[in-house]
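Have a look at the structure below before the remarks.
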Amino acid sequence: MKLKYVGFIFSILLACVPPVFSFYGYVPPSVGGMFFIFLISAGLWIFEIIPGHATSILIIFSEIIIFSNPGKWEFLKQYAGPGKPTPPAVFLASLADSAVVLFLGSFALAKSCVKVGVDRWLANRVLPYFGTSPKYVLLGLMCITATISLWMSNTATASLMIALVFPLLMVLDKDEKFRKAVLIGIPFAANLGGIGTPIGSPPNVIAFANLKNQGYGDYISFGTWMLVAVPLLIILLFAAWFWLLRAFPASEGLTLSLRYETISEEGSEKKLRFVLFGFLTTVLLWLSESFHGIPAGVVALFPLLLFTSFGILESNDLRSLEWDVLILVAGGIALGTGIEKSGAGIWFGELIGKQAGPGESLWVLGIFFSIGLFLSTFLSNTATANLLVPLALPVAALLLPGNESYAIQLVLGSALGASLAMSLPVSTPPNAVAYAVGGFEIKDMAKVGVRIGLLGLVLVLFGFLIFK
Numbered sequence: 156m157k158l159k160y161v162g163f164i165f166s167i168l169l170a171c172v173p174p175v176f177s178f179y180g181y182v183p184p185s186v187g188g189m190f191f192i193f194l195i196s197a198g199l200w201i202f203e204i205i206p207g208h209a210t211s212i213l214i215i216f217s218e219i220i221i222f223s224n225p226g227k228w229e230f231l232k233q234y235a236g237p238g239k240p241t242p243p244a245v246f247l248a249s250l251a252d253s254a255v256v257l258f259l260g261s262f263a264l265a266k267s268c269v270k271v272g273v274d275r276w277l278a279n280r281v282l283p284y285f286g287t288s289p290k291y292v293l294l295g296l297m298c299i300t301a302t303i304s305l306w307m308s309n310t311a312t313a314s315l316m317i318a319l320v321f322p323l324l325m326v327l328d329k330d331e332k333f334r335k336a337v338l339i340g341i342p343f344a345a346n347l348g349g350i351g352t353p354i355g356s357p358p359n360v361i362a363f364a365n366l367k368n369q370g371y372g373d374y375i376s377f378g379t380w381m382l383v384a385v386p387l388l389i390i391l392l393f394a395a396w397f398w399l400l401r402a403f404p405a406s407e408g409l410t411l412s413l414r415y416e417t418i419s420e421e422g423s424e425k426k427l428r429f430v431l432f433g434f435l436t437t438v439l440l441w442l443s444e445s446f447h448g449i450p451a452g453v454v455a456l457f458p459l460l461l462f463t464s465f466g467i468l469e470s471n472d473l474r475s476l477e478w479d480v481l482i483l484v485a486g487g488i489a490l491g492t493g494i495e496k497s498g499a500g501i502w503f504g505e506l507i508g509k510q511a512g513p514g515e516s517l518w519v520l521g522i523f524f525s526i527g528l529f530l531s532t533f534l535s536n537t538a539t540a541n542l543l544v545p546l547a548l549p550v551a552a553l554l555l556p557g558n559e560s561y562a563i564q565l566v567l568g569s570a571l572g573a574s575l576a577m578s579l580p581v582s583t584p585p586n587a588v589a590y591a592v593g594g595f596e597i598k599d600m601a602k603v604g605v606r607i608g609l610l611g612l613v614l615v616l617f618g619f620l621i622f623k
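Under my numbering, the first residue of the sequence shown is numbered 156, with each subsequent residue one higher.
Set out below in structure tokens:
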């Protein structure tokens, strides 16, 4: 029997413990039922018995059956949680949550930019400023990658940029150490760029949605997220660049020059300008949410409307969007809703509160970040965020009641821990994309990836001490 099936069977047995405890009165039935769903979901995500998005659908289905009890079954009435059964629409709403729509809009934006060649246009205008020195060309490539990854999938960004640097890889000798710096630098920059905005990666969307849904919408917006995350991104990006150059220096006298052909179809220049206009308008609306009051999820409909109406995105383009990722994110939101409605969040928060008092809030933040960093090293960062973020909010509420700043920090810490794990090819899809190209070993990636994760932990804890 394969190891993953053994692990999943163990997770099923573990998931049966909370309902047994609830049967004997140690925990409320609704809490036991919710942790049964939580642990089964964790096993499915960790051991990948079924696709991740299928697990998300299972979560929504299970929560409706158990907590909404649409069949009016007598034996399920005890799982209603505090008050009456939760209406099914509450759980189904996760599929159309504003954060899911926000991510959908970002996918449409990214697809349009790639289709008209915004990536090549950006590279041709930015790279010349970095000259021909290998170390500065690497910095330029990493900056462009991180910038693109702010607004589109980090996986797509890594694939795109690796395709763009293929001409460079072809002219470099196979024994040239600097090849490793380029191949590892691009996925690392894509991973780091993903932390900069709420739409940069699925863990961000999950954190953003849970904060909004739990009443912290007045304290976190698109702009305030960037205000916190972009400085962290810049520090980590330069640190990664420095460590890559130390680990894989270029040969003496090596010079590089990159130039890309732009798309030359009829009307391509007009399409490029149109997409850039739509892109900049959307970004400005996201950043100025506090002035005009239009939620980020509603703004995300603008590029979708604009580019479909004017033929930039066609039916085939819409069908090729990453719908499975949207469903995976919706599962994390539904998990957070279930933990809140069942009372499991309060129960778990009280349990942690008995072990850690308000004075240990810094250590709790470090533990959540570290767990996210460790788990995401070996499994999907989206799955990791789905598991950690819904638990972070009730813990924050019990440790420091009424402290909105700490609640946001603990949720962000959990999401960032999941995003900054990049020491192995399996840690993130961009890492896997780069490793598939070949040219470096796992230990080469781990050499710098571990340092980035640890530096991220130090910076997050330092930020807590400064802004608590």
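Backbone N, C-alpha and C define an ideal beta-carbon position, used for all residues, glycine too.
- When DSSP states are grouped into helix, strand and coil, Lys227 belongs to the coil group.
- The beta carbon of Phe403 is closer than 7 Å to those of Lys332, Phe333, Lys335, Ala336 in its chain, skipping five residues each way along the sequence.
- Assigned with DSSP and collapsed to three states, Ala209 falls in helix.
- If you check the CB distance, Val182 and Trp502 come in under 9 Å.
- Residue environment analysis places Val256 among the buried positions, since at least 16 neighbouring C-beta atoms fall within 10 angstroms of its C-beta.
- Taking Lys602 as reference, the option from Ser185, Ala394, Phe262 with the minimal CA-CA separation is Ala394.
- Distance check between Leu616 and each of Leu517, Thr537, Thr300 places Leu517 closest, using alpha-carbon atoms only.
- Within a 10 Å sphere around the beta-carbon of Trp398 sit 16 or more other beta-carbons, which makes this residue buried.
- Excluding residues up to 5 positions away in sequence, Ala313, Ile317, Leu338, Ile339, Ile341, Pro342 lie with their Cβ nearer than 7 Å to the Cβ of Ala589 in the same chain.
- If you draw a straight line from the Cα of Asn586 to the Cα of Pro184, it is about 42 Å long.
- With respect to the C-alpha of Phe258, the residue from Leu347, Leu431, Asp479, Gly188 having the closest C-alpha is Asp479.
- Residue burial annotation: Tyr234 is buried, with at least 16 other C-beta atoms found within 10 angstroms of its C-beta.
- Between Thr583 and the set Val385, Arg428, Ile350, Ser253, the nearest pair of CA atoms involves Ile350.
- Measuring C-alpha to C-alpha distances from Leu315 to each of Ile303, Gly448, Leu391, Ala570 identifies Ile303 as the nearest.
- When only Cα atoms are considered, Ala170 and Tyr160 end up about 15 Å apart.
- A contact is defined here as three or more CB-CB pairs under 8 Å, and the region 363-371 fails this definition with respect to the region 290-305.
- Fully contained in the region 525-574 are the following alpha helix (DSSP H) runs of length 4 or more, in chain order: 536-554, 559-574.
- Short of 8 Å from the beta carbon of Ser376, and not among the five residues preceding or following it, lie these beta carbons of its own chain, in chain order: Glu444, Ser445, Ala451.
- By the 16-neighbour rule on beta-carbons within 10 angstroms, Lys329 is exposed.
- CA-CA distance, Gly568 to Phe529, rounds to 13 Å.
- Straight across, the Cα-Cα distance linking Asn558 with Ile205 is about 39 Å.
- Boundaries of the alpha helix (DSSP H) harbouring Trp478: 478-496, taken from the DSSP string.
- For Tyr371, there is no enclosing alpha helix (DSSP H), as DSSP gives it neither H nor E.
- Excluding the 5 residues flanking it on each side, Leu277 has same chain C-beta neighbours closer than 8 Å at Ile299, Thr302, Ile303, in chain order.
- When the five nearest sequence neighbours on each side are left out, the beta carbons in the same chain lying within less than 8 Å of the beta carbon of Ile215 are those of Phe246, Leu247, Ser249, Leu250, Ala485, Gly486, Ala489, in order along the chain.
- With fewer than three CB-CB distances shorter than 8 Å, the region 377-393 does not count as touching the region 278-290.
- When secondary structure is reduced to three states using DSSP, Trp306 falls in the coil class, being assigned neither helix nor strand.
- Buried is the label assigned to Asp274, since at least 16 other Cβ atoms lie within 10 Å of its Cβ.
- In the three-state DSSP reduction, Asp472 falls in the helix class (H, G or I).
- Here DSSP, grouped into helix, strand and coil, assigns Phe465 to coil.
- Within the same chain, Val255, Phe258, Leu259 come within 7 Å of Leu481 by CB-CB distance, once the 5 residues on both sides are set aside.
- Annotation: the continuous alpha helix (DSSP H) that includes Ile192 extends over 184-202.
- Across the structure, Ser308 and Ala455 are spaced so that their CA atoms are roughly 15 Å apart.
- Here Leu610 has Leu391, Ala394 as same chain residues with Cβ atoms under 7 Å from its own Cβ, once five neighbours each way along the sequence are excluded.
- Here the alpha carbon of Ser497 sits roughly 13 Å from the alpha carbon of Gly504.
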